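Enquirer: Mind looking over this structure? Questions follow.
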Ligand code: PLP
Ligand code: COI
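In this note's numbering, the protein residues as written are 1135 to 1471.
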């Protein structure tokens, strides 16, 4: 067992024993290889370095009370990586290669899977990059699919309320751009807003729709949701990533007898919501305490008693229980490795 303080793990890079690599050359994928190096040897003209031909995924595996390792909805991540690849002209990764690479990366690093009840999990980072030399502006001909794993603790404050800044001075995505895929450039494009928000004491940043700046898009690397009465409301937008966590929360809400609305959400509607949260693989749910709009100067407040709202709490507990195997997986979301 590695000597890790499992209960206090940060969401930060930690070396593990192996990563998995698979190369695409001459129009086809090669064999899956394991590596114990944290480094890549890369061509100085690789397309990913110059023209941002790169996309990634984020998923998690959990150790249950029964000692079994469960991976959450991996097929959704496999499909989403291929949707990202298609948008920026990278080759499709066959389902079996994705599965074998992800499962092998977990198995080879089993000792880094945080124990049950530590509050931590194993984050899995699949990455697809244009590795071929490419000077003229064109997709490269060679690619690398890489998977590494990383034990992680909670993102931001875990299941504790956070403050968010709406930054109207900048967009992370363009109306008809690639905000809907997990391309690395979208994240670099969000840094100026994120750092600005952090400097002002916020934990994250909310982006509005880049076309009209009227509607809520998403919260940094997470989708937004709100609770109003018995309804779960979440944005519909062409410039946000389709979150697998959000999709799961929508399903759980329906299962709990709630109504689900996926629609455009005007910023001013924030004043009408009982609860608000951001959701994603890393964060699971970050309940929102305060949202400040730097354009209108308005402040929207939730969690007035300092605690996450009752419905967000119920949703979080159910998702958590399914991920760790404490609740019957009636939606078949987990795969035991
Ligand atoms: N939106 C963005 C921009 C993200 O990077 C992520 C993280 O993956 C999400 C939303 C949440 O998606 P998921 O729940 O699939 O992790
Ligand atoms: C995830 O939730 O998987 C993410 O991608 C967040 C990451 C950008 C820190």
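Note that the Cβ used here is the ideal one computed from N, Cα and C, for glycine as well.
Here the structure is a predicted model, which means the values were calculated and not measured.
Compare the Cα-Cα distances from residue 1142 to each of 1288, 1318, 1305, 1308 and report the closest residue.
Expert: The shortest Cα separation from residue 1142 among 1288, 1318, 1305, 1308 belongs to 1288.
Enquirer: Have a look at 1446, 1146, 1221, 1445 and flag the residue whose alpha-carbon is nearest the alpha-carbon of residue 1314.
Expert: Of the listed residues, the one whose Cα sits closest to residue 1314 is 1221.
Enquirer: By how many angstroms is the C-alpha of residue 1350 removed from the C-alpha of residue 1210?
Expert: Rounded to the nearest angstrom, the two C-alpha atoms are 24 Å apart.
Enquirer: Going by the DSSP bridge assignment, what does residue 1205 pair with across the sheet?
Expert: Per DSSP, 1195, 1469.
Enquirer: What are the residues that DSSP puts in a beta bridge with residue 1200?
Expert: According to DSSP, residue 1200 bridges with nothing at all.
Enquirer: Just the Cα atoms here: how many angstroms apart are residue 1187 and residue 1408?
Expert: Between residue 1187 and residue 1408, the C-alpha separation is close to 41 Å.
Enquirer: In whole angstroms, what separates the C-alpha of residue 1398 from that of residue 1362?
Expert: About 15 Å.
Enquirer: So what's residue 1224 in DSSP terms, helix, strand or just coil?
Expert: Reduced to three states, the DSSP call for residue 1224 is coil.
Enquirer: When the Cα atoms are used, what is the spatial distance from residue 1278 to residue 1164?
Expert: Rounded to the nearest angstrom, the two C-alpha atoms are 10 Å apart.
Enquirer: Tell me whether residue 1513 is buried or exposed, calling it buried when 16 or more other Cβ atoms sit within 10 Å of its Cβ.
Expert: One cannot answer for residue 1513 here, as it falls past the ends of the chain, which runs 1135 to 1471.
Enquirer: Per DSSP, what are the beta-bridge partners of residue 1393 in this structure?
Expert: Residue 1393 is bridged to 1365.
Enquirer: Could you compute how far the alpha carbon of residue 1375 sits from the alpha carbon of residue 1311?
Expert: Near 12 Å, if we compare the C-alpha coordinates of residue 1311 and residue 1375.
Enquirer: Under 8 Å, with one C-beta from each stretch per pair, do the stretch 1329-1349 and the stretch 1430-1438 reach the 3-pair mark?
Expert: Contact between the stretch 1329-1349 and the stretch 1430-1438 is absent, because fewer than three Cβ pairs lie under 8 Å.
Enquirer: Tell me the residue span of the alpha helix (DSSP H) that contains residue 1444.
Expert: Its alpha helix (DSSP H) spans residues 1444-1457.
Enquirer: Under a three-way DSSP split, which group does residue 1411 fall into?
Expert: Strand.
Enquirer: Apart from the five residues on each side of it in sequence, which residues of its chain come closer than 7 Å, Cβ to Cβ, to residue 1245?
Expert: Correct list, in chain order: 1135, 1136.
Enquirer: From the DSSP output, read off the bridge partner residues of residue 1155.
Expert: According to DSSP, which records beta bridges pairwise, residue 1155 is partnered with 1167, 1280.
Enquirer: Mark residue 1352 as exposed unless 16 or more other C-beta atoms lie within 10 angstroms of its C-beta, in which case mark it buried.
Expert: The residue in question, residue 1352, is buried, as its Cβ has 16 or more Cβ neighbours within 10 Å.
Enquirer: Just curious, the alpha helix (DSSP H) that residue 1264 is in, first and last residue?
Expert: Where residue 1264 is concerned, there is no enclosing alpha helix (DSSP H), although the beta strand (DSSP E) it sits in stretches over 1255-1264.
Enquirer: Any heavy atom of the ligand COI closer than 7 Å to the beta-carbon of residue 1415?
Expert: Yes.
Enquirer: Have a look at 1413, 1224, 1247 and flag the residue whose alpha-carbon is nearest the alpha-carbon of residue 1151.
Expert: The option with the nearest alpha carbon to residue 1151 is 1247.
Enquirer: Let me know if residue 1285 comes out buried or exposed under the rule of 16 or more other beta-carbons within 10 Å of its beta-carbon.
Expert: Classification for residue 1285: buried.
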